[in-house]
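Numbering (our numbering), first residue to last: 8 to 322.
From the three backbone atoms N, C-alpha and C, an ideal C-beta is built for every residue, glycine too.
Since the model is a prediction, treat every value here as computed from it, not as a measurement.
Here is the structure we will look at, set down as C-alpha cells.
Shown next as C-alpha cells:
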C-alpha cells in the first residue's frame, strides 16, 4: 500500500511545489499578476510549441502500442468531445465557461504523468510504449482543444473560416504539426539544435505551473465550486472507472490497461490554462480546474493504482 501511495505522491508532489512557488512569489511581492499574465502569454507562444514538437518528434516508432489500444484511446476521446459539445451548452450558458469545462473534462495531463507513472509501476522497458501513445493523444488533445475553444470563444460567432484560421494560427498546434512532419519524414535534428529544443520544451510545464500558482485566487473557488466539482467528478472518477472497465472487457491488460487509466484518470492538462487564457476562455476557471484536480488526483490516482494492483490487473 505504501509503495502505491508513493508512486502517486511522487508524480503529484512536484506539481504542488511549483504551484506553491508561484503563489508565494506574488504574496512576497516578487512579481505581480499583470507581469505573470505577460509571462503566461510568452510561455504559450514560445515554450509550449517546443514542448508539443518535442513530445511528438521524440516518439520511438519501434515501441508501437497495439492497434486495439490506439483505437480505444483515439476513438473514445473523439466520441467524448462530440458528446460534450452537444451536452455542456445545455447546462452552461456562458461561452467562455463552456469551452473551459469541455476541455477540462476530456483533456488530461497524460502527456506529463504518463511516462513517470508508467515507469514507476512497470519499469523503463515497458514505459517506452507510452511515448507512442503520447504522440497520438497530444495531437488529438490539441486539435480538439483548439476547435472547442474557438467554437466557444468569448464574443465570437462560429464560422468555418474563423475556426480554420484559429486552428492554423494556434502555437501549440503548430508545434504539434511540425513534430508530426519531422516524425513521419524521419528528419532528425543535429545535436546542437536538438539540445536547445529539448531545453526550451522543458521550460513550458514548469513555467505554466508557477504562473498558475501566482494567479490562484482562492476566494474565486467558491464562485466556481459547482463547475469544479462536476468536472472533477467526471474527470477523476467517472471517466477512468468507465474506461478502465471497458478496456478490461475488450481484453487490454497490464501496461496497456494502465495507459487507459493514465489517459482518462490523470488531472486536467496544465496546458489547458494558458490556452484558455489566451483564446478568450475563462482563464480563472481553467486554472482552478488544473490546481484542484492536481491536488485531488493524489488520492484518486493512488486509489486506482492500488485497486488495479490488488486485483492483479497490472501484471
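- Looking from the CA of residue 182, the closest CA among 322, 37, 51 and 320 belongs to 51.
- In this structure, the CA atom of residue 320 is about 48 Å from the CA atom of residue 37.
- Per the coordinates, the alpha-carbon of residue 195 lies some 42 Å from the alpha-carbon of residue 95.
- Within the region 192-257, the complete alpha helix (DSSP H) segments of 4 residues or longer fall at 198-221, 225-230, 232-239 and 246-256, listed in chain order.
- Contact between the region 282-290 and the region 253-263 is absent, with fewer than three C-beta pairs closer than 8 Å.
- Rounded to whole angstroms, the separation of the alpha carbons of residue 148 and residue 209 is 19 Å.
- Residues 25 of the same chain have their beta carbon placed closer than 7 Å to that of residue 213, with the five preceding and five following residues left out of the count.
- A Cβ-Cβ contact shorter than 8 Å links residue 80 with residue 144.
- Taking one beta carbon from each stretch, the region 219-228 and the region 240-254 have fewer than 3 pairs nearer than 8 Å; the two do not touch.
- Listed in chain order, the non-local C-beta contacts of residue 66 below 6 Å within the same chain comprise 138, 139 and 142, local neighbours out to five positions each way being set aside.
- Taking every protein chain shown into account, the CB of residue 101 has fewer than 16 other CB atoms within 10 angstroms, so this residue is exposed.
- Cβ-Cβ distances below 8 Å link residue 27 to 220 in the same chain, with the five nearest sequence neighbours on each side left out; the list follows chain order.
- Following the DSSP letters along the chain, one finds residue 52 in no alpha helix (DSSP H), marked with neither H nor E.
- Just so you know, the alpha carbons of residue 158 and residue 109 end up roughly 11 Å apart.
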